[in-house]
Amino acid sequence: MKKGILHSISLVLLLSFLNTSAQSVEATINRDSIQIGEQIELRFKVEADSSSAVLFPEGQTFVPLELVESFATDTLKENEKFILLKTYKLTQFDSGAYRIPEQQITIDGKPYLSQTFEINVRDVKVDTLEQGLYDVKSRIQVEKPNSALLQWIIGFIILALIGLGLYFAYQKWFKNAAQQEELDPYQDALHYLNTIQVGDFLKQEEVKSFYSTCVEKLKRYVYYCFEISSLDRTSAEFISLFYWLIDNDKVKIESTQIKALEEWLDRSDLVKFAKYHPELTALEQDQEFMRAFIQAIEEGLPEPEPEEIQEQIRFEQERKKMERKMRVKKAMIATGSLLLLLVAAAFIQLGPKDFLAELSFDANKNLRDRNWYNSKYAYPSVELESPEVLVRQENNSFFFENERAHFEMGLVSIQTDPEKEWDFRIATESRLAYFQEKGYSSILPKEEEFITADGVQGVKTYGSAINADGERVNYAIITFGGKGFSQEIWLSWLDGNSYAQEISDRILNSLKVSTEI
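Numbering (our numbering), first residue to last: 247 to 763.
Set out below in structure tokens:
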């Protein structure tokens with residue numbers, strides 16, 4: 247009985263040993279020396295059963311080297327076993343000696359640690375004799391045109407251009423020819439008499455309109471020639487006026503033509519007041535007479551003196567000049583009215599505070615209204631929102647500055663001695679010394695606890711100072727850390743600017759830090 251039990255236990259232990267020995271992990275690299283920026287292939291080979299669950303490393307677990315690419319797992323079958331191949335590409339951008347730390351691979355819940363690898367990263371040699379070297383170009387700050395006021399101004403310009411285009415189109419295509427080029431009364435009267443068809447005047451009201459229009463144009467022409475009021479004169483008074491003009495050598499017209507005009511006016515009065523309706527032939531004759539009479543006046547006018555001609559030219563020039571001034575004045579009034587409407591609309595849309603900020607081109611408002619970026623930086627990672635992506639600097643640090651807004655921020659995340667406790671004062675004192683180097687004075691620091699939205703606790707050092715330009719600025723230094731790592735985020739912004747305060751609050755409220763290495 248005892249022998250049977252011992253035999254069973256031995257069989258179970260043997261099977262367990264065989265199952266364990268069937269699982270193995272092997273790690274290899276394709277080279278142990280690279281130049282800055284070149285890549286290393288790290289490959290894991292795992293032998294396991296088909297039913298085994300295998301977990302490979304994920305994320306930035308290869309620090310101090312950086313993960314460039316993680317390839318999909320290849321699976322091969324060899325006899326009754328499965329071989330899993332997982333490849334990673336790693337790199338480093340600083341020269342020096344580095345070590346790829348042990349990597350944990352889990353098979354069916356049991357962890358296996360790979361070996362470590364020593365990596366040498368070499369500088370890139372530059373031939374300074376054959377290849378010319380140039381100074382590094384300084385960074386140029388480019389402001390994005392995201393101003394709401396600028397959008398309103400562009401909108402106004404577009405509307406003004408559309409309005410001007412419509413105005414000129416109206417002037418060119420829709421205005422009546424008489425409005426584009428004004429006809430003088432002589433040309434206007436002849437134009438009317440030459441274009442009408444008296445055969446169209448069949449009704450009494452139409453005949454009356456014909457005679458009334460002819461009389462009106464004749465009287466306007468007389469006023470134009472002699473500058474004597476004639477519109478309100480009766481037919482008899484109008485005839486008397488012509489005799490006076492002849493007697494005073496103002497015009498040369500035969501007396502027979504004056505008598506014919508008198509008869510013409512009598513028929514006109516009969517049509518207008520006695521409902522007399524002449525035959526078509528009589529209408530055609532009256533049309534022809536009026537045309538001939540107006541031409542007789544034009545031909546009977548005395549030749550103007552040179553002084554009169556010059557005066558007439560001057561008068562026409564002054565008239566056209568006044569008309570141009572009136573058109574410009576109307577255009578300016580229309581443009582000013584449109585501008586006032588746009589300004590009022592912008593004031594209502596933006597509100598008093600933002601409207602005044604747009605007028606003063608507040609750089610902090612422009613910074614606040616940009617499209618923000620949510621990014622992770624460094625290792626251990628620091629995640630935050632910012633109006634611009636932070637630029638990598640030396641020593642695993644990142645930085646962003648907007649000089650017009652007097653706003654700057656940066657972060658540093660480094661690994662430290664895993665045996666030593668983290669001391670936030672080291673980072674804080676270093677940052678305060680940095681502020682002093684920039685010309686800050688009257689630095690008054692305060693300290694308080696800082697907790698991120700996901701519950702990570704840190705220390706906030708904050709206060710105000712006077713910058714090198716004599717302006718008061720606020721600053722905040724947020725530090726996190728533990729055994730083996732230290733993280734620092736710092737900001738400096740203009741005091742008393744609500745937009746700058748909104749920017750700093752949004753950045754700090756978005757902070758997420760990783761405390762695992």
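Glycine included, every Cβ here is placed at the ideal spot set by N, Cα and C.
Because the structure is a prediction, the values reported are computed rather than measured.
Whole angstroms is fine: what's the gap from residue 685's alpha carbon to residue 657's? Walking along the sequence shown from the start, residue 685 turns up at place 439. Walking along the sequence shown from the start, residue 657 turns up at place 411. Computed Cα separation, rounded: 20 Å.
DSSP state of residue 758 mapped onto helix, strand, coil: Taking the sequence shown and counting its residues from 1, one reaches residue 758 at position 512. Reduced to three states, the DSSP call for residue 758 is strand.
Residue-level contact to chain C via CB, residue 618, 8 Å cutoff: Absence of chain C from the displayed structure is noted, only one protein chain being present.
Can you say whether residue 651 is buried or exposed, counting buried as having 16 or more other CB atoms within 10 angstroms of its CB? For the purposes of this step, residue 651 is identified with residue 405 of the sequence shown, where counting begins at 1. Under this definition residue 651 is a buried residue.
Look at the Cβ atom of residue 303, then the Cβ atom of residue 349, and state whether they are nearer than 8 Å. Taking the sequence shown and counting its residues from 1, the one referred to as residue 303 is at position 57. Taking the sequence shown and counting its residues from 1, the one referred to as residue 349 is at position 103. Taking 8 Å as the Cβ cut-off, residue 303 and residue 349 qualify as a contacting pair.
In or out: residue 490 buried (at least 16 other Cβ within 10 Å) or exposed? Mapped onto the sequence shown, residue 490 falls at position 244. So residue 490 counts as exposed.
Return the bridge partner residues of residue 343 from the DSSP annotation. The residue labelled residue 343 in the question sits at position 97 within the sequence shown. DSSP, once it has assigned bridges, lists 366 as partnering residue 343.
If contact is defined by three or more beta carbon pairs under 8 Å, each pair taking one atom from either stretch, is the region 566-579 in contact with the region 464-477? no
Is the beta carbon of residue 364 less than 8 Å from the beta carbon of residue 337? By 1-based counting over the sequence shown, the position of residue 364 is 118. By 1-based counting over the sequence shown, the position of residue 337 is 91. No, Cβ-Cβ distance for residue 364 and residue 337 is not below 8 Å.
Decide if residue 677 is buried, meaning its Cβ has at least 16 other Cβ atoms within 10 Å, or exposed. Sequence index remark: in the sequence shown, residue 677 carries index 431 (1-based). With 16 or more Cβ atoms within 10 Å of its Cβ, residue 677 is classed as buried.
Here's the rule I'm using: 16 or more other beta-carbon atoms within 10 Å means buried, otherwise exposed. How should residue 610 be labelled? On the sequence shown, residue 610 is found 364 positions in, with the first residue counted as 1. The residue is buried, with at least 16 neighbouring Cβ atoms inside 10 Å.
Residue range of the beta strand (DSSP E) that includes residue 612: Residue numbering aside, residue 612 sits at position 366 when the sequence shown is read from its first letter. Counting along the chain, residue 612 falls outside any beta strand (DSSP E), though it belongs to the alpha helix (DSSP H) covering 609-614.
So residue 722 and residue 736 are in contact, right, with Cβ under 8 Å, and what is the actual spacing, rounded? Reading the sequence shown from its first residue, position 476 is the one you call residue 722. Reading the sequence shown from its first residue, position 490 is the one you call residue 736. 7 Å between Cβ atoms; contact.
Measuring CA to CA, which of 720, 700 and 683 is closest to residue 653? Here residue 653 is taken as the residue at index 407 of the sequence shown, counted from 1. Ranking the options by Cα distance to residue 653, first place goes to 720.
So is residue 317 buried or exposed if we call it buried at 16+ other beta carbons inside 10 Å? Indexing the sequence shown from 1 puts residue 317 at position 71. The residue is exposed, with fewer than 16 neighbouring Cβ atoms inside 10 Å.
Within the same chain, show all residues whose beta-carbon is closer than 6 Å to that of residue 431, passing over the 5 residues directly before and after it, in chain order. In the sequence shown, the residue the question calls residue 431 occupies position 185. Cβ neighbours of residue 431 beyond the five flanking positions: 466, 467 and 470.
Using 8 Å as the cut-off, can you tell me whether the region 339-354 makes contact with the region 320-328, which would need three or more C-beta pairs spanning the two stretches below that distance? With a cut-off of 8 Å, the region 320-328 and the region 339-354 do not count as touching, because too few Cβ pairs lie within range.
Skipping 5 residues on each side, what residues in its chain have a beta carbon closer than 7 Å to that of residue 694? Working through the sequence shown from its first residue, we reach residue 694 at position 448. Taken in chain order, the residues that qualify are 706.
For residue 456 and residue 522, what's the separation of their Cα atoms in angstroms? Numbered from its first residue, the sequence shown carries residue 456 at position 210. Numbered from its first residue, the sequence shown carries residue 522 at position 276. Looking at the two C-alpha atoms, the distance is approximately 13 Å.
Taking the continuous alpha helix (DSSP H) assigned at residue 511, which residues delimit it? Within the sequence shown, residue 511 is the residue found at index 265, counting from 1. 501-519 is the extent of the alpha helix (DSSP H) around residue 511.
Would you call the region 661-677 and the region 739-747 in contact, with 3 or more CB pairs under 8 Å? By the C-beta criterion, the region 661-677 is judged not to be in contact with the region 739-747, since fewer than 3 inter-stretch pairs fall below 8 Å.
Reduced DSSP secondary structure (H/G/I, E/B, other) of residue 212: Residue 212 lies beyond the residue range present for the chain, which begins at 247 and ends at 763; the question has no answer from this structure.
From residue 614 to residue 339, what distance separates their C-alpha atoms? In the sequence shown, counting from the first residue as 1, residue 614 sits at position 368. In the sequence shown, counting from the first residue as 1, residue 339 sits at position 93. Each residue's alpha carbon lies about 33 Å from the other.
Count the other CB atoms within 10 Å of the CB of residue 501; is the residue buried (16 or more) or exposed (fewer)? The residue labelled residue 501 in the question sits at position 255 within the sequence shown. Under this definition residue 501 is an exposed residue.
Please report the residue range of the beta strand (DSSP E) in which residue 298 lies. Mapped onto the sequence shown, residue 298 falls at position 52. In the DSSP annotation of this structure, residue 298 is not part of any beta strand (DSSP E), being labelled neither H nor E.
Grouping DSSP H, G and I as helix and E and B as strand, with all else coil, what is residue 309? The residue you call residue 309 lines up with position 63 of the sequence shown. Residue state, collapsed to three classes: coil.
With 16 other Cβ atoms within 10 Å as the buried cut-off, status of residue 701: In the sequence shown, counting from the first residue as 1, residue 701 sits at position 455. Exposed, by the Cβ-count rule.
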